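Visitor: In our numbering, the protein residues as written are 552 to 884.
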């Protein structure tokens, strides 16, 4: 399962996922009440309706979350992205899961993409878990949870604390112990452009500087899902700025997720990007010692955003795992 393999999926909409940013969760805590954020009176608008969601699902505290659906039958697989990403990060994986006989649903987390911004600025773990509980209730069946980075932390916490009864768990480049330096790099990327970008070319340049290992896309059309056009004529990232101001604590994160990991009894797969500077091999092995029944895939050539860097290997590892524990309706090899 740790070796690269060929093949990739595609969605029926012209989406490009190379531009998504990721999780800023592992940073020093801030004093209570410090840097309190107030929502701007105006928000940006989606540039095009080409990326409109398939579903809008009522989640927690009046927040509605956006979702895309891949497949119409088979076990339910809920795909949760990392902080700063969107549901589009899963486009290839979602289609491949559908081809394998699963009904895959990729979600925009609250404050991201086409989901509502939290009116009270609540982007705590509790809020994300509550949203996941509501989404599971909406579909009315036990899901497979697949989560990258922040989405993986939400899934791990929800299962380990008994909030969601899942069939299986797939964690993508996240575990209780991750690298502060790698996540600080992500946070620095997300913090740039607070005043907006004058053009999509400027957006593309910022992303290329953050992801030098990826080939720069020929077309800028895919960036439309990552930014919004504001009334002042400038492009800003799709996420709620309040997301960057939520309280965070390293010690609390490690302790809570470690305890959740110790409670895992369901089939579990940990997927690490071989080039990741967020989840080290040491951090992965620490998780595997805590959850000895977990399977492990180390994806060579992939950095933190595994599904975007090596979707073919990620999909094969995930389908191989699911074949054993939650078989799909029509697996295609």
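Where a beta carbon is used, it is the ideal one built from N, C-alpha and C, also for glycine. All of these numbers come straight from a predicted model, not from anything done at the bench.
State the Cα-Cα distance for the pair residue 655 and residue 869, rounded to the nearest angstrom.
Guide: 13 Å
Visitor: From residue 849 to residue 803, what distance separates their C-alpha atoms?
Guide: 27 Å
Visitor: Take residue 636 as the anchor and find which of 727, 791 and 806 has the nearest alpha-carbon.
Guide: Taking each of 727, 791 and 806 in turn and checking the Cα distance to residue 636, the smallest one comes out for 791.
Visitor: Tell me the rounded alpha-carbon separation between residue 880 and residue 753.
Guide: 44 Å
Visitor: Report the residue ranges of all beta strand (DSSP E) runs contained in full by the stretch 795–832; include only those spanning at least 3 residues, in chain order.
Guide: 819–824
Visitor: Helix, strand or coil: which one does DSSP assign to residue 657?
Guide: strand
Visitor: For residue 849, does the three-state DSSP call read helix, strand or coil?
Guide: strand
Visitor: Any idea if residue 727 is buried or exposed, counting beta-carbon neighbours within 10 angstroms, 16 or more meaning buried?
Guide: buried
Visitor: Bridge partners of residue 608, per DSSP?
Guide: According to DSSP, residue pairing for residue 608 in a beta bridge involves 616.
Visitor: Would you list the one or two residues that DSSP bridges to residue 788?
Guide: When DSSP reads this structure, residue 788 sits in a beta bridge with 778.
Visitor: Have a look at 648, 672 and 615 and flag the residue whose alpha-carbon is nearest the alpha-carbon of residue 890.
Guide: This structure gives no information on residue 890, because the portion of the chain shown stretches from 552 to 884.
Visitor: Kindly indicate the opening and closing residues of the beta strand (DSSP E) around residue 698.
Guide: Boundaries of the beta strand (DSSP E) harbouring residue 698: 695–699, taken from the DSSP string.
Visitor: Just confirm the distance between the C-beta atoms of residue 703 and residue 722, as a whole number of angstroms; I'd bet it's less than 8 Å.
Guide: That belief holds up - the Cβ atoms of residue 703 and residue 722 are roughly 4 Å apart, short of 8 Å.
Visitor: Here's a check: name, in chain order, each residue in its chain whose Cβ is nearer than 8 Å to the Cβ of residue 748, leaving out the five neighbours to either side.
Guide: 754, 757, 778, 785, 786 and 787
Visitor: Quick test of the definition: if touching needs 3 or more C-beta pairs under 8 Å, does the stretch 813–831 touch the stretch 705–724?
Guide: yes
Visitor: Closest to residue 682 by C-alpha separation, out of 780, 618, 873 and 846, would be which residue?
Guide: Among 780, 618, 873 and 846, the Cα nearest to that of residue 682 belongs to 618.
Visitor: Give the range of the beta strand (DSSP E) segment to which residue 627 is assigned.
Guide: 627–631
Visitor: Is it the case that the Cβ atoms of residue 799 and residue 708 are separated by a distance below 8 Å?
Guide: no
Visitor: Apart from the five residues on each side of it in sequence, which residues of its chain come closer than 6 Å, Cβ to Cβ, to residue 627?
Guide: 654, 690, 692 and 694
Visitor: With residue 633 and residue 701 assumed to form a contact (beta carbons below 8 Å), what rounded beta-carbon distance in angstroms separates them?
Guide: 5 Å
Visitor: Where in the stretch 718–775 do unbroken runs of the beta strand (DSSP E), each at least 3 residues long, occur, reported from the N-terminal end onward?
Guide: As far as the stretch 718–775 is concerned, its whole beta strand (DSSP E) runs of at least 3 residues are 719–723.
Visitor: As a quick exercise: from 672, 623, 640 and 603, pick the residue whose alpha carbon is nearest that of residue 796.
Guide: 672
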